[in-house]
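Heads up: the structure comes next, in structure tokens.
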Amino acid sequence: VSRVIPVSTFDLVLFGATGDLARRKVLPSLFHRFQVGQFSEESRIIGASRSDMSKQAFRSFVAKCLEEFSDTASADESCVKRFLNLIDYVQIDASTETGWDVLSSKMRPQIISVFYLSVAPGLFGTIASRLRASGCSNRESRIVVEKPFGHDLPSAQALNKELLNSFEEDQIYRIDHYLGKETVQNLMALRFANSLFEPLWSAAHIDHVQITVAEDMGIAGRGEYYDQSGAMRDMVQNHLMQLLCLIAMEPPSKFSATAVRNEKVKVIQALEPVSNANIARGQYVSSMPGEDYLDHAGNPHSQTESFVAMKVQVANWRWAGTPFYLRTGKCLRERVSEIVVQFRDPPHMIFDGTEGHKGNTLVIRLQPDEGITLHTTIKDPGPGGMRLADASLDMSFADTRVPTERSQDAYERLIMDVVRGDQTLFMRGDEVVAAWEWTDPTIEAWQEKRFAPSTYDVGGSGPEDSLLLIHRDGRRWRPIG
Ligand code: BG6
2 VSRVIPVSTF DLVLFGATGD LARRKVLPSL FHRFQVGQFS EESRIIGASR SDMSKQAFRS
62 FVAKCLEEFS DTASADESCV KRFLNLIDYV QIDASTETGW DVLSSKMRPQ IISVFYLSVA
122 PGLFGTIASR LRASGCSNRE SRIVVEKPFG HDLPSAQALN KELLNSFEED QIYRIDHYLG
182 KETVQNLMAL RFANSLFEPL WSAAHIDHVQ ITVAEDMGIA GRGEYYDQSG AMRDMVQNHL
242 MQLLCLIAME PPSKFSATAV RNEKVKVIQA LEPVSNANIA RGQYVSSMPG EDYLDHAGNP
302 HSQTESFVAM KVQVANWRWA GTPFYLRTGK CLRERVSEIV VQFRDPPHMI FDGTEGHKGN
362 TLVIRLQPDE GITLHTTIKD PGPGGMRLAD ASLDMSFADT RVPTERSQDA YERLIMDVVR
422 GDQTLFMRGD EVVAAWEWTD PTIEAWQEKR FAPSTYDVGG SGPEDSLLLI HRDGRRWRPI
482 G
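Note that the sequence shown covers residues 2 to 482 in the UniProt record's numbering.
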């Protein structure tokens, strides 16, 4: 029995249709949702880009990217064919008038229209206003924009303004793909669908929280973008911030876009500025020639960080005194994203010889191997007397899934939410602004004080000072991998 809930028929226009993200994520995600029957053959996907291409040529392009990035091996041929039949193409140069009337003639006014902007942020405003002026969009349309949503506060505010000139906030879907990950939603279920954790969810019972997003890949091939950005802008301002919000937020009164996002904004607004003393920055270095960060960045003098770790305080009643340690970096030992909630030690230990037995730890794994583990202490089984041992309650989401159901990629879920008109898992304008308001002074302080990144070895756990950052508080990072 399929558990897929079908969405209404839609026309989705994909700007930047031949770009990397479209190829790797957007088109394969649409295919997978079509394959499971979430939308019908009535829907249409219209590629738009500057390339001079026929509809047929674009369909071949889509067929190729499905072969490369989706699970066509398990799909029957007719399914691929039927999907390709939904595909159309218009040649549009966003900066000129050409092509908009053709696009407008293809739109069906009674059908939900989604405009997916997989293009550089510099084009968001122009495309939005041309969509409106050419009559392609209407009050029911949705517009989807990808990160980076600005590179600082003024640029993010300017982007908000440009989009709001042509669309209302309830039509704008700012993607942070971390919010589409299965475990991220499970985090909300864990906190707000169980009565077990919430009474303990505060500084009174939680010693600290760690949020780690470690990647094993470097930045080779995208050095030009990355070197302008760095880990703070590329990962912390958006993805890690979203994870922190979901851990730290107050329970919303319902699971609605407004209620959830109101609570998230309050967390961001409660973040204290982070001084340089509470930050470690790093650049990777390799034993292989030409494989250092500086080589990949194409800039021998770059001061951009490929790793950052920081100690963050959420200044409110719930969290005063419980630090949040964040860390993310490229070229680390393994690709691991996890949140560690470390509960306080029992206030008084009645057993002898219990050194090393700490409070409970809740580990929420985002990738790989999504799941939640609660580390507990039990009596060491057997006749050895009252000795303590670690035991874990382990929930792997792969085990709880219906075996025939493949797990959805974050983009699949998010795109279907756009069609449904559900903004819960998207960033609201004020949320992005609040995140930049917090990020900007930190980055500015680095520049003012010439706070240079230290180095760390490819395949390791990050720079030495990131270890000191937490050790000096008498705590340890959970090992990466
Ligand atoms: C992107 C960043 O937003 O997220 C990349 O720009 C990063 O630098 C990627 O590699 C990580 O996403 P995921 O889903 O692979 O953890």
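Note that the Cβ used here is the ideal one computed from N, Cα and C, for glycine as well.
Euclidean distance between Cα positions of residue i and residue j
i: His33; j: Gln343; result: 38 Å
i: Val8; j: Val420; result: 7 Å
i: Asp418; j: Pro384; result: 55 Å
i: Arg388; j: Lys359; result: 14 Å
i: Lys380; j: Gln36; result: 50 Å
i: Glu251; j: Glu264; result: 6 Å
i: Leu164; j: Glu292; result: 40 Å
i: Gln424; j: Ile248; result: 19 Å
i: Val145; j: Gln158; result: 17 Å
i: Asn277; j: Asp466; result: 12 Å
i: Gly482; j: Ala134; result: 52 Å
i: Gly153; j: Phe352; result: Sequence inspection shows Asp at residue 153; the Gly mentioned does not correspond to that position. Cα to Cα, the separation comes out at about 53 Å.
Beta-carbon proximity list for residue i, same chain, < 7 Å, skipping 5 on both sides
i: Ile269; result: Met242, Cys246, Glu432, Ala435, Ala436 and Trp439
i: Ser30; result: Asp410, Tyr412, Glu413 and Ile416
i: Gly181; result: Ala411, Tyr412, Arg414, Leu415 and Leu426
Endpoints, alpha helix (DSSP H) assigned at residue i
i: Glu163; result: Leu154 to Ser167
i: Met242; result: Met242 to Ala249
i: Ser397; result: That residue, Ser397, is in no alpha helix (DSSP H); its beta strand (DSSP E) goes Leu389 to Ser397.
i: Glu465; result: Glu465 to His472
i: Glu413; result: Ala411 to Arg421
i: Val103; result: Trp101 to Lys107
i: Ala129; result: Phe125 to Ala134
i: Tyr310; result: Residue identity differs from the one stated: residue 310 is Ala in this sequence, not Tyr. From DSSP, Ala310 is part of no alpha helix (DSSP H) but of the beta strand (DSSP E) over Phe308 to Val313.
Residues that residue i bridges to, as DSSP identifies them
i: Met428; result: Arg175
i: Asp458; result: Val286
i: residue 1; result: What is shown of the chain runs 2 to 482, which leaves residue 1 out entirely.
i: Gln343; result: His209 and Thr362
Residue i beta carbon near ligand 1 (any heavy atom closer than 8 Å)
i: Ser338; result: yes
i: Asp235; result: yes
i: Val420; result: no
i: His240; result: yes
i: Met218; result: yes
i: Tyr174; result: no
i: Gln368; result: yes
i: Lys162; result: no
i: Lys148; result: yes
i: Tyr227; result: yes
i: Val185; result: no
i: Val214; result: yes
i: residue 489; result: In the structure displayed, the chain extends from 2 to 482; residue 489 sits before or after that span and is not available.
i: Lys107; result: no
i: Lys359; result: no
i: Lys65; result: no
i: Lys56; result: no
First and last residue of the uninterrupted beta strand (DSSP E) at residue i
i: Thr377; result: Gly372 to Lys380
i: Asp89; result: Ile88 to Gln92
i: Ile365; result: Thr362 to Gln368
i: Lys267; result: Counting along the chain, Lys267 falls outside any beta strand (DSSP E), though it belongs to the alpha helix (DSSP H) covering Ala258 to Gln270.
i: residue 484; result: An answer regarding residue 484 cannot be provided, because it is not within the stretch 2 to 482 covered by the chain.
i: Arg328; result: Phe325 to Gly330
i: Lys56; result: Looking at the DSSP string, Lys56 is not in any beta strand (DSSP E); the run it does join, the alpha helix (DSSP H), is Lys56 to Phe70.
i: Ile212; result: Ile207 to Ala215
i: Lys182; result: Taken as a continuous stretch (DSSP letters only), Lys182 belongs to no beta strand (DSSP E), as it is neither H nor E.
i: Arg34; result: Where Arg34 is concerned, there is no enclosing beta strand (DSSP E), although the alpha helix (DSSP H) it sits in stretches over Leu28 to Gln36.
i: Ile144; result: Arg143 to Val146
Cut-off 6 Å between Cβ atoms - residues of its own chain near residue i, not counting five sequence neighbours on either side
i: Arg282; result: Glu306, Val309 and Pro454
i: Ser408; result: none
i: Ala271; result: Val315, Ala316 and Asn317
Chain D within 9 Å of residue i, Cβ atoms only
i: Pro7; result: Absence of chain D from the displayed structure is noted, only one protein chain being present.
Sequence-distant residues of its chain with Cβ nearer than 8 Å to residue i (five each side left out)
i: Glu170; result: Arg429 and Gly430
i: Leu15; result: Ala23, Val27, Leu28, Ile46, Ile47, Gly48, Ala49, Tyr117 and Ser119
i: Phe150; result: Pro122, Ala157, Leu160, Arg175, Asn239, Met428 and Val433
i: Ser52; result: Thr19 and Gln92
Heavy atom of ligand 2 within 8 Å of residue i beta-carbon
i: Tyr179; result: By its list of ligands, the structure shown excludes ligand 2, since it contains just ligand 1.
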